[in-house]
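Structure, as structure tokens:
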Amino acid sequence: MNSQVSRTSVSTWVAIAQLLRWHKPAGRLILLIPALWSLTLASEGLPSLKLLLIITMGAIATSAAGCIVNDCWDRNIDPHVQRTQNRPLASRRLSLGVALGLMVIALLCAWGLTFYLTPLGYWLAVAAVPVILLYPLAKRVLPIPQLVLAVAWGFAVLIPWAAVQGRLTLTTAGLWAAVVMWTLAFDTVYAMPDRPDDRRLGVNSSALFFGAYAPLAIALFYALTVVFLMMVGVRAGLTWRFWLALAVTTYFWLRQSLQIYTHERRDTQTTTLPIQTYGRYFNENVWLGFLLWVGMWCPRP
2 MNSQVSRTSV STWVAIAQLL RWHKPAGRLI LLIPALWSLT LASEGLPSLK
52 LLLIITMGAI ATSAAGCIVN DCWDRNIDPH VQRTQNRPLA SRRLSLGVAL
102 GLMVIALLCA WGLTFYLTPL GYWLAVAAVP VILLYPLAKR VLPIPQLVLA
152 VAWGFAVLIP WAAVQGRLTL TTAGLWAAVV MWTLAFDTVY AMPDRPDDRR
202 LGVNSSALFF GAYAPLAIAL FYALTVVFLM MVGVRAGLTW RFWLALAVTT
252 YFWLRQSLQI YTHERRDTQT TTLPIQTYGR YFNENVWLGF LLWVGMWCPR
302 P
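The numbering of the sequence shown is my numbering, which starts it at 2 and goes up by one.
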């Protein structure tokens, strides 16, 4: 009996970890990256350890709440999608009540951290909550739901900047625009393998909205990301390290775009590249984001 209880307990904790996506850290890291960009640029160098810890913990708590909210809204859709059918709520390994309890805990943790921010940072964090809670509904009503996600990701720029400087600047706006375009790019890539399931279930995505032009849309979003990052680099007086990192990043974004475009043109009957390829593209964005962050460490005096 004890061994059965122990196995059940372990299974529950594994399901909770999967609900929070701790088994797939790339999704958590990619939210942290814009916050690190913003924190570093606003600090004009490496930020204080205290603020770095607060922003990091806040990003982890917020992204955990976002994952739970998404799975709660989609618990009856996810079982019909190959990529998501084994999620804890979709497979009924966790109850809705447990998930909602965990979501409240995550939001309370994030809320507690906001008291260490400036007043502007606090209210920006409050403003982000409705966007996070309502994002999963966007795919049911909006043609490009990824835009709502991009706006939610943009708060990861605004909140840390306000936490450092207590105000927002034109450089903040440029970085926010870069993050919005970047999010549209990598999340459209992420949505590509789900097109058959999304079409069958009647939910929207940018990959479906752009249709045959999706590869061109991805390339355009990446190009605009580069343009806005160049504007940020000039305004912030960043050194050659940033420009080298941006050149490397641009190369990989261009390669992704060309590979997707070539595949779509070569075989219009095949809906996607292998799903592992899209996962690799997503993971590439994580390490490229960290590469750009390292390039931002040393602004010009």
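We put the CB at the ideal spot given by N, CA and C, even for glycine. Since we're looking at a predicted model, the values are computed, not measured.
DSSP places L143 in the coil class of the three-state scheme, outside both helix and strand. In this chain, the alpha helix (DSSP H) harbouring I61 covers 50-74. Note on geometry: alpha-carbon atoms of T263 and T63 lie some 37 Å from one another. Taken through DSSP and simplified to helix, strand or coil, L40 comes out as helix.
Note on geometry: alpha-carbon atoms of S258 and L247 lie some 16 Å from one another. For the 9 Å CB-CB criterion, M297 and A237 form a contact. Restricting attention to beta strand (DSSP E) runs no shorter than 3 residues, the stretch 149-181 encloses none. CA-to-CA, the gap between V142 and D198 works out to about 17 Å.
Segment contact: the stretch 174-191 against the stretch 220-230, three or more CB-CB distances shorter than 8 Å; contact assigned. If the five residues before and after W74 are omitted, its C-beta is found closer than 7 Å to the C-beta atoms of P137, L138, all from its own chain and listed in chain order.
Burial state of A111 is buried, judged by a 10 Å Cβ sphere holding 16 or more other Cβ atoms. With respect to Y223, F283 sits apart: the two C-beta atoms are not nearer than 9 Å.
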